[in-house]
Amino acid sequence: MNNTPVYLDLDTWPRRSAFELFRRYDIPCFNLCTRVDVTLLKKTVKELGIGTMSLAYHFIAIRLGNDIEPFRYRLEGDRVRVHDVVHGGTTVLREDESIGFATLEHQRSFAEFAKQGAATLAKMRRADAPFEPTKHETATLHMSAVPWVHFSSYSNARQWGPHDSIPKIAFGRIDAEGDHLWMPLSVEVHHALMDGLHVGRFIQGFEAALKDPMTWLTQT
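Counting in this note's numbering, the sequence shown runs from 62 upward without gaps.
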């Protein structure tokens, strides 16, 4: 991993004009909300006997957030930093019904991700767990699960201003319709760093992974 910060060459970036426009907006983020079929994912997690369904869809989202480069872009002043890797920072419901945060480290292996993730979540669910932001500062994807609501729209708490450029991904309650299980998925990003094209690629990638979860969860 390169420890020297890497920045985009804005002079050669095709999105330079869009970057200059949207980074000055008071509310520069946009959100796309859809729902995805998680029927095969549930079946595959059960067959493998590894992790949980929640860890599986977090794993897929973090993988995609690393594979699609603009999801690793972050604003730093007038520059755009490109992180080598980003991790997951997810909300946790503690035993006393307060919220906390947990870092889900990016791994190419789902088995290793599930092992580390389960241990981290168990620790952070304790009522006496420290209340602290996730590690890695901006090299993260902010993630939330709202398993009580099958939502069709979603908004996030953000620091006011144009510089909170971390993508925010949310998962909703899974509902059965006939033989299929459907889960809401929300993706919110900074428009100075990417467009609907890139969020569309993320969602399409998520849908593709859910059609072949065995491959995604057994690759190393």
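We put the beta carbon where it would ideally sit given N, CA and C, even for glycine.
Expressed to the nearest angstrom, what Euclidean distance is found between the alpha-carbon atoms of residue i and residue j?
i           : j           : result
residue 273 : residue 101 : 8 angstroms
residue 187 : residue 70  : 45 angstroms
residue 125 : residue 106 : 19 angstroms
residue 164 : residue 240 : 34 angstroms
residue 121 : residue 277 : 8 angstroms
residue 177 : residue 128 : 21 angstroms
residue 64  : residue 228 : 22 angstroms
residue 262 : residue 110 : 29 angstroms
residue 72  : residue 115 : 41 angstroms
residue 218 : residue 77  : 27 angstroms
residue 238 : residue 264 : 21 angstroms
residue 179 : residue 81  : 41 angstroms
residue 79  : residue 197 : 27 angstroms
residue 193 : residue 108 : 35 angstroms
residue 220 : residue 275 : 38 angstroms
Would you mind working out which of the options sits nearest residue i, comparing C-alpha positions?
i           : options               : result
residue 231 : 77, 123 and 158       : 123
residue 160 : 252, 138, 207 and 270 : 207
residue 138 : 164, 103, 85 and 177  : 85
residue 35  : 255, 235 and 256      : Here the chain comprises residues numbered 62 to 281, so residue 35 is not present and cannot be evaluated.
residue 118 : 72, 262, 244 and 142  : 244
residue 200 : 166, 193, 192 and 212 : 166
residue 212 : 220, 248 and 183      : 248
residue 104 : 281, 153 and 242      : 242
Taking 7 angstroms as the threshold (C-beta atoms), are residue j and residue i in contact?
i           : j           : result
residue 195 : residue 174 : no
residue 204 : residue 279 : no
residue 252 : residue 91  : yes
residue 140 : residue 215 : no
residue 233 : residue 260 : no
residue 66  : residue 142 : yes
Ordered along the chain, which non-local residues of its own chain (more than five positions away) have a Cβ less than 8 angstroms from that of residue i?
i           : result
residue 155 : 161, 185, 186, 187, 188 and 190
residue 51  : No answer is possible for residue 51: the residues shown for the chain start at 62 and end at 281.
residue 202 : 122, 123, 126, 132, 147, 148, 149, 150, 227, 228, 229 and 230
residue 257 : 91 and 93
Excluding the five sequence neighbours on either side, which residues of its own chain have a C-beta within less than 6 angstroms of the C-beta of residue i, listed in chain order?
i           : result
residue 266 : 125
residue 181 : 163
residue 112 : 175
residue 255 : 131
Taking 7 angstroms as the limit between beta carbons, can you name the residues of its chain near residue i, skipping five residues before and five after?
i           : result
residue 271 : 97, 98, 99, 101 and 102
residue 268 : 97
residue 157 : 188
residue 281 : 169 and 170
residue 153 : 160, 161, 162, 163, 182, 185 and 186
Check whether the region 170-182 touches the region 126-134, counting contact only when three or more Cβ pairs, one atom from each stretch, lie closer than 8 angstroms. no
Tell me, please, whether the region 82-97 touches the region 142-150 by the rule of three or more beta-carbon pairs shorter than 8 angstroms. no
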